[in-house]
Amino acid sequence: MIKKITLSAAIAALYVALTFIFFTISFGPIQFRVAEALTLLPFFIPEAIVGLFAGCVLSNLIGGGGGFGLIDVFLGSGATLFAAWLTYKSPNIWIAAIPPVIINALVVGYYIAAVTEVSVVLTMLYIGISQFVVCFGIGLPISLLLYRSRAFDTILLSKKETGSGTWVKK
Numbered sequence: 003m004i005k006k007i008t009l010s011a012a013i014a015a016l017y018v019a020l021t022f023i024f025f026t027i028s029f030g031p032i033q034f035r036v037a038e039a040l041t042l043l044p045f046f047i048p049e050a051i052v053g054l055f056a057g058c059v060l061s062n063l064i065g066g067g068g069g070f071g072l073i074d075v076f077l078g079s080g081a082t083l084f085a086a087w088l089t090y091k092s093p094n095i096w097i098a099a100i101p102p103v104i105i106n107a108l109v110v111g112y113y114i115a116a117v118t119e120v121s122v123v124l125t126m127l128y129i130g131i132s133q134f135v136v137c138f139g140i141g142l143p144i145s146l147l148l149y150r151s152r153a154f155d156t157i158l159l160s161k162k163e164t165g166s167g168t169w170v171k172k
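Rendered as C-alpha cells:
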C-alpha cells in the first residue's frame, strides 16, 4: 500500500514539476502542457491514474487555473482523471495515447472557449493538436524507452508484448 501511494505521489510531483518548468506554455487557450506526456503511464501502472489527477489538480490550483480559475481545477483535472482511466483500460499502447487527446480536446477546449469567447472549434483544435503532439510525440517515445529498460520492467508485470511488437494486457 505504501509503495502504491508513494508511486502516485511521485507521479503527481513529476506532473507538477513539468507543468511549472514549462509554465509559459502549460496554460492558456493555446497550450502545450509537456506534463501530459505522463498520461500514458496508466497503461502500465494503475497508480498513475491517481497521481496524474492529483498532479493536475495541484498544477491548476497553484497556477491559478491558467487564468480560468476553478473551472480549470475541476473540469481540467476531471478530464485528466477520465482520460487516465480510459488509458488504463486500453488494450494496447497505441490506443492508450488516444483518450488524453480526445477527452482534453473536447472538455478543455469547450470550457476555454466558453471563458475566452474564442471559437469552440478553434480551442478544441488547439488543445487537440497540442495533446496529440505531447502524447504521440513525447509520451509514446518515452513509453517505448521505458518499456525497454530493465529498471521499469519490474513495474510492467501486467503487460506483455505480442509478436507484432504491440503491447497488450495479459
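In this text, residue positions in the sequence shown follow our numbering: the first is 3, and each later residue adds one.
All residues carry an ideal CB built from backbone N, CA and C; glycine is no exception.
- Using a Cβ-Cβ distance cut-off of 8 angstroms, the region 104-112 and the region 59-69 are not in contact, since fewer than three pairs of beta carbons, one from each stretch, lie closer than that value.
- Closest in alpha carbon position to Phe-34, among Phe-138, Gln-133, Ile-140, Gly-139, is Gln-133.
- Distance from the CA of Tyr-90 to the CA of Leu-9, rounded to the nearest whole angstrom, comes to 16 angstroms.
- With fewer than 16 other beta carbons inside 10 angstroms of its own, Val-123 counts as exposed.
- In the three-state reduction of the DSSP assignment, Met-3 falls in the coil class.
- Ala-115 counts as buried, since no fewer than 16 other beta carbons sit within 10 angstroms of its beta carbon.
- With at least 16 other beta carbons inside 10 angstroms of its own, Glu-38 counts as buried.
- The C-alpha of Pro-31 is placed about 8 angstroms away from the C-alpha of Thr-118.
- Rounded to whole angstroms, the separation of the alpha carbons of Arg-150 and Val-120 is 43 angstroms.
- Thr-82 is not a Cβ neighbour of Leu-43, given a cutoff of 8 angstroms.
- The criterion of a C-beta distance shorter than 8 angstroms is satisfied by Ser-61 and Tyr-17.
- Assignment of Gln-133 by DSSP, reduced to helix, strand and coil, places it in the helix class.
- Counting C-beta atoms within 10 angstroms of its own C-beta, Ile-23 has fewer than 16 neighbours from the protein chains shown and is therefore classed as exposed.
- If you look at Glu-38, you'll find it isn't in any alpha helix (DSSP H); DSSP assigns it neither H nor E.
- Taking all protein chains in view, the Cβ of Phe-29 is crowded by 16 or more other Cβ atoms within 10 Å, so the residue is classified as buried.
- Around the Cβ of Ile-13, a 10 Å sphere holds 16 or more other Cβ atoms; the residue is buried.
- Note that the C-beta distance between Ala-50 and Ala-98 is not below 8 angstroms.
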